[in-house]
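This report refers to the structure that appears directly beneath it.
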Amino acid sequence: MERPLLARPLSSASFPVRDYNLAATLTSGQAFRWRAVNGTWEGVLQNRWVRLHQAAPHSPDAPHASIIEATTDAPPHDWRWLTDYLRLDDDHAAALATFPDDKPMRTALAHCRGLRLLRQNPWECLASFILSSTKQIVQIQQCVELLCERFGEPIRSGAPAERRQISDHRSAALCRDAATPNFAFPTAARLASASEIELRECKIGFRAKYLLAAARMVASAELDLAKVQSLPLDAARAELMRCPGVGRKIADCTLLFSCGFDAAFPIDVWVERALQQLYFAKRRAKRARLEHFAATHFGPHAGLAQQYLFHYLRVAGKKELKR
DNA sequence: CACCAGGCGACTC
DNA sequence: GAGTCGCATGGT
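Just so we're aligned: the first sequence equals residues 22 to 344 in my numbering.
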């Protein structure tokens, strides 16, 4: 018999931001649990439900200034769990200033200045990206949600009554298929105790054995994700790549999106295509050459630069970069 | 109904 | 050691 999870009083806070495009950031393929609900974003961080809303910037004096409003049922004193995740304390302008001043970067930046990196939980990030191979972002979201529903701890969700009051057409459209997440991401220990068959029931196919192996390594402390964060980049990457099913791309995603390695530069097929076309148009460059170029050309915030390139060609450059 | 999707690893030659 | 191929599943 399950105990009902009663909603606690909600608490809210407002955070002033500059050059922070919340929607672009939450949908940029870094994290997979955010859902658009009535013009807001709902997600789960650790064991907390949270709703975010970004007010449109209207001041002509500060066109890139805005407010992010957060609502949750956690005690209202300490918001570090959220500000750390959103990396609100980053000096974003300083990071952008380290980008190389070349045409591809200028174009990508002109397209969107507010794309940010998140600081996710390393286990959730690693597990999510193990699921990501040969899947599209929507499918990854579905698989992650299935895993959470089946293996995650139930958590309190926001006030549903409040949500139902809003019913204009645009909100209804945004609400489409937007199931509110009610479960925490499953722990490594919980997944380690599952069978490969059970995991496969979450539609993850051949990735099930990889996820299971990674869960066992993390749960048994054979792989210490906290320690990974303190290693040099190359050693940290090698450590993650000990997991079967974790190659360089998935390792770099985990390092960049959750372990604080801002210089990690994941190269997937799209970024490879972009680098090839934008920086090596004449000669054909091999993968190792591109990796070396990425590690030396984009500077200490290469990973953020990669996000800008990826975002730019995902939303605008698909036609220009088709093979 | 083919074809492919933010890869990886095993298998060729 | 550098290219090719199978792997599950769902969406165009």
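The beta-carbon is built from N, C-alpha and C at its ideal position, and this holds for glycine as well.
Here the structure is a predicted model, which means the values were calculated and not measured.
Distance between F150 and L107 (C-alpha atoms, nearest Å): Near 19 Å, if we compare the C-alpha coordinates of F150 and L107.
Where L311 and S178 are concerned, what is the direct C-alpha to C-alpha distance, given to the nearest angstrom? The straight-line gap from Cα to Cα measures roughly 44 Å.
DSSP three-state assignment for V336, whether helix, strand or coil: Reduced to three states, the DSSP call for V336 is helix.
Chain-order list of residues whose beta-carbon lies under 6 Å from that of I158 (same chain, five-residue window excluded): So the list reads G50, once near-sequence residues are dropped.
Given a cut-off of 8 Å on the beta-carbon distance, is the pair R140 and S251 in contact? No. Outside cutoff.
8 Å Cβ cutoff met for R228 and A213: No, the pair does not count as a contact, with Cβ atoms beyond the cut-off.
Backbone CA spacing between L244 and Q328 [nearest angstrom]: For L244 and Q328, the gap between their C-alpha atoms comes out near 27 Å.
Could you spell out the range, first to last residue, of the alpha helix (DSSP H) harbouring W291? Residues 290 to 300.
Can the beta-carbon of A17 be found closer than 8 Å to that of F286? Residue 17 is absent from the structure shown; the chain starts at 22 and stops at 344.
With 16 other Cβ atoms within 10 Å as the buried cut-off, status of D110: Exposed, because fewer than 16 other Cβ atoms sit within 10 Å of the Cβ of D110.
Could you tell me the alpha carbon to alpha carbon distance between S162 and L138, rounded to whole angstroms? It is worth fixing the name first, because residue 162 is Gln in this sequence and not Ser. If I take the Cα positions, the gap works out to 18 Å.
Backbone CA spacing between A209 and R294 [nearest angstrom]: Straight-line spacing of the CA atoms in A209 and R294 works out to 34 Å.
Cβ pair count under 8 Å reaching 3, the stretch 266 to 275 against the stretch 217 to 235: Using a Cβ-Cβ distance cut-off of 8 Å, the stretch 266 to 275 and the stretch 217 to 235 are in contact, since at least three pairs of beta carbons, one from each stretch, lie closer than that value.
I need the straight-line Cα distance from Y300 to A256, nearest angstrom please. Rounded to whole angstroms, the gap between the alpha carbons of Y300 and A256 is 28 Å.
Secondary structure of A83, DSSP reduced to three states: Shown here, A83 sits in coil according to DSSP, grouped into three states, outside any helix or strand.
Cβ-based burial, Q315 [other Cβ within 10 Å; buried from 16]: For clarity, residue 315 is Ala in the given sequence; the question names Gln instead. Buried is the call here.
Measuring CA to CA, which of K270, V239, C169 is closest to P143? Selected option, being the one with the closest Cα: V239.
A34 and W100 - do their beta-carbons sit closer together than 8 Å? Yes, these two residues count as a Cβ contact at 8 Å.
What residues match up with L254 in a beta bridge as DSSP calls it? Under DSSP, L254 forms no beta bridge with any residue.
Please classify H98 as buried or exposed, where buried requires at least 16 neighbouring CB atoms within 10 angstroms. Looking at its Cβ environment, which holds fewer than 16 other Cβ atoms inside 10 Å, H98 is exposed.
Among S32, R39, G226, whose alpha-carbon lies nearest the alpha-carbon of A115? Comparing alpha carbon positions, the residue from S32, R39, G226 closest to A115 is R39.
Span of the alpha helix (DSSP H), counted from its first residue to its last, around T275: Residues 269 to 279.
List the endpoints of the continuous alpha helix (DSSP H) containing R171. That run of the alpha helix (DSSP H) goes 158 to 172.
Does DSSP put A194 in a helix, in a strand, or in coil? Confidence at A194 is low in this model, with a pLDDT of 36, below 50, so the placement of that residue should be treated as unreliable; the coordinate-derived value is given next. A194: helix per DSSP, three-state reduction.
List the endpoints of the continuous alpha helix (DSSP H) containing A209. Taken as a continuous stretch (DSSP letters only), the alpha helix (DSSP H) holding A209 covers 209 to 213.
Name the DSSP bridge partner or partners of V65? BP columns for V65 point to W70.
Identify, in the order they occur along the chain, each residue of the same chain with its Cβ nearer than 7 Å to the Cβ of D289, setting aside the five sequence neighbours on each side. So the list reads K270, once near-sequence residues are dropped.
Buried or exposed: which applies to P321, given that a residue is buried once 16 or more other Cβ atoms fall within 10 Å of its Cβ? That one is exposed.
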